[in-house]
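Below you'll find the structure, written out as structure tokens, and then a few comments.
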Amino acid sequence: MQSSSMNAVFSSLLSKKDLTISDELLKSIMEKGIITQIMDDDKQPSINIFANKQLYLSSVVPVLHDFGFIIIDEVAYKINKDEHEVYINRFNLKMDDTKNLRESKYNIENVISDSLSGSILPRCRLFSLVYNQNLSIRKVLLLRAMIEYIDQAVIALNQEAILHTIAIYPNISKLFVEYFIAKFDPLLDKREKIMKDFELKIEEKIKDVPNIMDDKILKLTYALIKNLLRTNYFLNNPAISFKIDTASYSENLKGLQPKIEAFVYHPDFSGLHLRMSKISRGGLRWSERHEDYRQEIKSLMITQEGKNSIIIPDGAKGGFVIKKEASTITKDVFKTIYSAFINNMLDLVDNMVDGKIVRHENIIAYDGDDSYFVVAADKGTAAMSDVANEIAVSRGYWLGDAFASGGSNGFGHKELGITARGSLMSSERFFIQRGIDIQKESITMVGIGSMNGDVFGNGLLYSKKFKLLAAVSHKEIFIDPDPDIERSFEERSRLFTAKNGSWSAYNKELISQGGGVFLRSQKSIELSAEIKKMIGTTKKALSGEELAKKVLMMKVDMLFNGGVGTYVKSSDESNLDLGDKQNEAVRLDASELKAKVVCEGGNLGFTQKARIEYAKNGGEINIDGIDNAAGVNTSDHEVNLKILLNIIKSKDLLDEKEANQTLQNLTEQVVNLVLWSNYHQALAISRDSSLSKRYLDDFLSSIEVLETNLSSFSRAEYYIPKNENMHEILCAEGSIVRPILSSIISYSKIFIKTVLLDSKLIDETFANQFLFKYFPKSFLAAYEHEIIHHPLRREIIATMMADTIVNLQGATFIADYNRRGKESFLLKIKSYLITNQLFDANDIRFEIYRNDFKMDIKLQYKLLDDIERTLGFSTRWMLKYLSKHKVDVNHILDYKADLFKILGNMNEDNIVKILDDNHQFNLFFSAIDYLKFAVAAIMVKENSFHTFNNVAILFYLVVNEFKILEMITSLNTIEITSGSQKVLRHQILQYIEYIVVHYTEQVLEFQRVNETPQDAFKNYMENEKDDFEDIQNNIKFFMSKEVKSIEEVSITVNQIMTSLI
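Set out below in structure tokens:
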């Protein structure tokens, strides 16, 4: 009876037709897994879902609800056909009008099947647009891509709010899609008119939106489409990527932004790549910050921009998140996703074949040519450079295996230890200033990282004299209260090359009494007497995280950060505002840090505010972008060498094997160039630190120049206060703290580079020396012709010029840009570089550098300051008195040999010995004050018929007679305390210039035929003795004073000037 009743119910629900399926349908089910059919019966519309396995209502119903369907009831049953089981779910729908269902039938069926099979989004609120606007799944994914980008870019919004708005305004959303298609469909005619029509429709529709938040979201979406530059949408790849003109879209965003970015969307992953210009470079990372990966990558890009001030491309950074369970991400899955990310980004750039731009026929570009796109390894992608290069080669991309640096045919960063060596080269400056040679004298250290890491491992092998007391890695704590320096170095060396290089593998017998290796996750660690003393506590036990924090607070010579994560914040920052929740429990306030020096081998170990606070408290620190710049610098050399090697291979001058060997043979030279770069940059910061105490106004002017001329620079981003609040970033001695100076110096280089790239100065022949300077000498000797025709020739020259100038003259070189204007500033650059060559200043500086630890640091800095002050003085002369066409390197360098010969003769008996057995060096500094007038002497020579020898000797005599050098020295030592004194100082210098030039010209006119310049000067002074007697008495009185004021200098100079009236 029960069976009969059930059959009756079953028969009422299902017909014979429901219980049969065709052979064709069966075949499709077995092949695809799930097939959906819509029965658009006006009386009872329904959806039938056929599957080769059982589907559960909890999976199916939410998908149907996303379409907006109202389900009346559901019947689930199974039938057998040809030994196959087919599971069927029929959903009856409540629907007053089936028009949309009929029109959208094809897309609805496909989307339901694909969603339930997992080949697209498992579910999405935008499925409603498939039903009511007949959008295909690809169009839905396009909208979804835009939504995710806006969610990442606009911090104030969240994805749910954006989805909600796009879903409840289906007509506008469809217009967005149609507008996008009109903009990028390669087959479309009359594109501009169609686009304009869509723009008018969209703008009219948005006017009628009543809700302010919906209005904002719709306008953001519309603005995004307007600012899209390219897309791979019409290449029909599974993922969708588009390029954004972020510089134009940035009015909707907060903080510093990239100029250009690429965004890639796929249901399994999303990622982006941010660039400060079309020629930019930076690493790609696997991010774990799904909620704000763009914010993470943008912060790193900003750091990279500063770091890249010393390399050819501007800053860039890329990254992606994987939307899969961690347990399912195998090496193969990761490689597939990484490869897809690379391919989709390469879709958005041009190729170059035989020097000509080549673009895919289905790509519509609104950004002109864009062919330079390079990547590098970063967190999570260290082993993927070869994969990226294989993709580039297989696509025929012009950079070939120069696309991704660090591959098997590139420079191995871990093998070279270049990032660690560079960072310690930078921080070594602090110890040089203390007279401590860290290769010979022991220093105590605490570290962040483990020996199997590239940066930390190489860093702890940099010197055999490092006394590592403790280290904190992401899992472990290593403590060695009283290490044997030699044995601990040997054990660290063993760990670095071991398969398991974690601290737990450290030989416990080599750890001093009371030490050990502990887990950060331990609930309680009993403390030995030695540990208590070392970390300064009386507690008997601490948790692992508490112990790690105490370790980082230890009083040591140096804290070396070679790990990943943010470990130090400022006292007024909240952990809630920072990422990296993993290290929150061990994170210090800067005020708790007791290390004397911090070396930032890793990125983002400190917040910028933490660095400033630590530096104000007396700690010595740069920024991560300064310390660890050697890695990106090495990669940049690799890429630019490979670009040339590819050209050389194309000419059959080298084969593949020979090219690879050539690159490897250059390793040592490249490493040397890179390490010297870190040395010079750290030295430049030290010199600017000293100068900022005396010339703060000049630094404020440089900041103003950057702020008004560089969109990538912001006071707020680097916590530089308004001028009236500059005391907030001054250390106790009155200097600007190094973290701020680091940023100012980096951006001063970027600014000069930007100015140069927009000029013809770098196209002049004399500029080639800076191109040659970039490459290893042996490579230059073999391939000079190819180097001159490097595709990035202009960028290399601009970078090397900017780097040279700021490393030598400091950040205040740009201080007068706003006053001078572009053309005068470019002439200033040229004048300085020519004067530097005229005086052979590079050779002199090198002698100072190579005498670190031998020469007193104060003397070193004084000599370097003397050089730059002399060059600055001479540069001003050149700008003031030489016409533009006479500021010519060859013309001016013609005087070089005579200049030093004359000075040598004049100073032979007055040479002060600074270095033993170095006559040229000692002569230079004995004559340096007279070199200030060398350019003026050239100018007078150019305007007269006298020999340069006569003119130079007369300059020398005039300068001595009127004690000009003593006056200039007084001006340089007098502390300027007001704006009016600064103006007065400038006026005095101008008067001195006039006095020297005028009297030299007077004597030249007075000089008789065959009269020596010495006799001419003597006779002139005798002839004018009545006028000069009072002047000479006043000069004697001035010289007799031990302490001289600026007013006294002014009076003395004015008295000399009076004699000229």
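Residues in the sequence shown are numbered from 1 upward in steps of one, following the UniProt record's numbering. Note that the Cβ used here is the ideal one computed from N, Cα and C, for glycine as well.
Using only CA atoms, which one of Lys609, Lys749, Glu658, Leu757 lies nearest to Ala718?
This sequence places Tyr at residue 718; Ala is not what is there. Comparing Cα-Cα distances from Tyr718 to each of Lys609, Lys749, Glu658, Leu757, the minimum goes to Lys609.
Whole-Å CB distance - Ile202 paired with Ile172, under 8 Å assumed:
Right, their Cβ atoms sit about 7 Å apart.
Report all residues from its chain with a CB closer than 7 Å to the CB of Asn343; omit the five preceding and five following residues, and keep chain order.
Excluding positions up to five away in sequence, the list reads Ile391.
Keeping to the same chain, check which residues put their C-beta closer than 8 Å to that of Ile988; ignore five residues upstream and five downstream.
Excluding sequence positions up to five before and after Ile988, its CB lies within less than 8 Å of the CB of Met967, Leu971, Ile1046, Val1049, Ser1050, Val1053, all in the same chain and listed in chain order.
Continuous beta strand (DSSP E) stretch holding Trp286: start and end:
First-last of the beta strand (DSSP E) with Trp286: 284 to 286.
I want to see whether chain D comes within less than 7 Å of Ser270, judged by CB atoms only; does it?
Chain labels in this structure do not include chain D; a single protein chain is all it has.
Compute the beta-carbon to beta-carbon distance between Ile120 and Leu143, rounded to the nearest angstrom, for a pair I have assumed lies under 8 Å.
Contact between Ile120 and Leu143 does not hold, since their C-beta atoms are separated by about 13 Å, which reaches or exceeds 8 Å.
Looking only at its own chain, which residues have a Cβ that is under 7 Å from the Cβ of Phe713, when we skip the five neighbours before and after it?
Leu706, Glu707, Tyr747, listed in sequence order.
Lys913, enclosing beta strand (DSSP E) - first and last residue
Element bounds for Lys913: n/a, residue is neither H nor E.
Rounded to a whole number of angstroms, what is the C-alpha to C-alpha distance between Arg819 and Thr607?
Roughly 35 Å separates the two Cα atoms.
CB contact flag (Ala798, Lys753, <7 Å):
Annotated as proximal: Ala798 and Lys753, with beta-carbon spacing under 7 Å.
For Gly33, which beta-bridge partners are listed by DSSP?
Bridge partners of Gly33: none, in fact.
Specify, as a first and last residue, the run of the alpha helix (DSSP H) that residue 1062 falls within.
For the chain, the structure presents residues 1 to 1061; residue 1062 sits outside this window and is missing.
Among residues of its own chain, excluding the 5 on either side of Tyr293, which ones have a beta-carbon nearer than 7 Å to its beta-carbon?
So the qualifying residues of the chain are Gln152, Ser287, Gly319, Val321.
According to the neighbour-count rule (16 or more other Cβ atoms, all chains shown, within 10 Å of its Cβ), is Trp503 buried or exposed?
Burial call: buried.
Rank Ala782, Ser778, Phe925, Lys822 by C-alpha distance to the C-alpha of Ala841 and give the top, closest one.
Considering only alpha carbons, the answer is Phe925.
Tell me which residues share the same chain as Arg487 and place their Cβ nearer than 6 Å to its Cβ, disregarding the 5 neighbours each side in the sequence.
Answer for Arg487: Leu510, listed in chain order.
Tell me where the beta strand (DSSP E) around Leu706 begins and ends.
Per DSSP, Leu706 belongs to no beta strand (DSSP E); it is in the alpha helix (DSSP H), 696 to 709.
Start and end residues, alpha helix (DSSP H) containing Leu101
Looking at the DSSP string, the run of the alpha helix (DSSP H) that includes Leu101 is 99 to 103.
Given a threshold of 16 other Cβ atoms within 10 Å of its Cβ, counted over all protein chains shown, does Asn1010 qualify as buried or as exposed?
Asn1010 is classed as exposed because its beta carbon has fewer than 16 other beta carbons within 10 Å across all chains shown.
Look up Glu600 in the DSSP assignment and say whether it is helix, strand or coil.
In the structure shown, Glu600 sits in a strand (DSSP, three-state: E or B).
By how many angstroms is the C-alpha of Ile168 removed from the C-alpha of Asp18?
Answer to the nearest angstrom: the Cα atoms are 36 Å apart.
Can you name the residues that DSSP bridges to Asn80?
According to DSSP, which records beta bridges pairwise, Asn80 is partnered with Glu85.
Is the stretch 901 to 912 touching the stretch 828 to 846, taking contact as three or more C-beta pairs under 8 Å?
Counting C-beta pairs with one atom in each stretch, the stretch 901 to 912 and the stretch 828 to 846 have fewer than three that are closer than 8 Å, which means they do not touch.
For the pair the stretch 95 to 109 and the stretch 174 to 194, tell me if three or more CB-CB distances fall below 8 Å.
Touching, no.
Same chain, Cβ closer than 6 Å to Ser248, neighbours up to 5 away in sequence not counted:
Within the same chain, Ser248 has close Cβ partners Asn227.
Quick check on DSSP: helix, strand or coil for Met352?
Strand at Met352.
Would you call the stretch 675 to 684 and the stretch 806 to 825 in contact, with 3 or more CB pairs under 8 Å?
Contact holds: three or more Cβ-Cβ distances are below 8 Å.
Looking at Tyr87 and Lys81, is the spacing between their C-beta atoms short of 7 Å?
The answer is no: Cβ separation not under 7 Å.
What residues in its chain sit with their C-beta under 6 Å from that of residue 1062, if we drop five residues either side in the sequence?
Outside the shown range of the chain (1 to 1061) lies residue 1062, about which nothing can therefore be said.
Chain-order list of residues whose beta-carbon lies under 8 Å from that of Met6 (same chain, five-residue window excluded):
Low local confidence applies: a pLDDT of 48 at Met6 is under 50, so the model's placement there is unreliable, and no value is given.
Indicate whether the contact test is met: 3 or more Cβ pairs, each with one atom in the stretch 694 to 703 and one in the stretch 651 to 659, closer than 8 Å.
No: the two stretches stay apart, fewer than three of their Cβ pairs being nearer than 8 Å.
Cutoff 6 Å; reference Ser309; Cβ partners in own chain excluding five residues on either side
Around Ser309: Ser746, Lys749, Ile750.
Under the DSSP definition of a beta bridge, which residues are partnered with Asp41?
None, per the DSSP bridge assignment.
Can you list, in chain order, the residues of its chain with a C-beta nearer than 8 Å to that of Ile964? Leave out the 5 residues immediately preceding and following it.
If we look at Ile964 and ignore the five residues flanking it on each side, its Cβ neighbours are Val958, Ile992, Ile995, Val996.
Between which residues of its own chain and Leu644 is the CB-CB distance below 7 Å, once the five residues before and five after are set aside?
Listed in chain order, the non-local C-beta contacts of Leu644 below 7 Å within the same chain comprise Tyr783, Glu786, Ile787, His790, local neighbours out to five positions each way being set aside.
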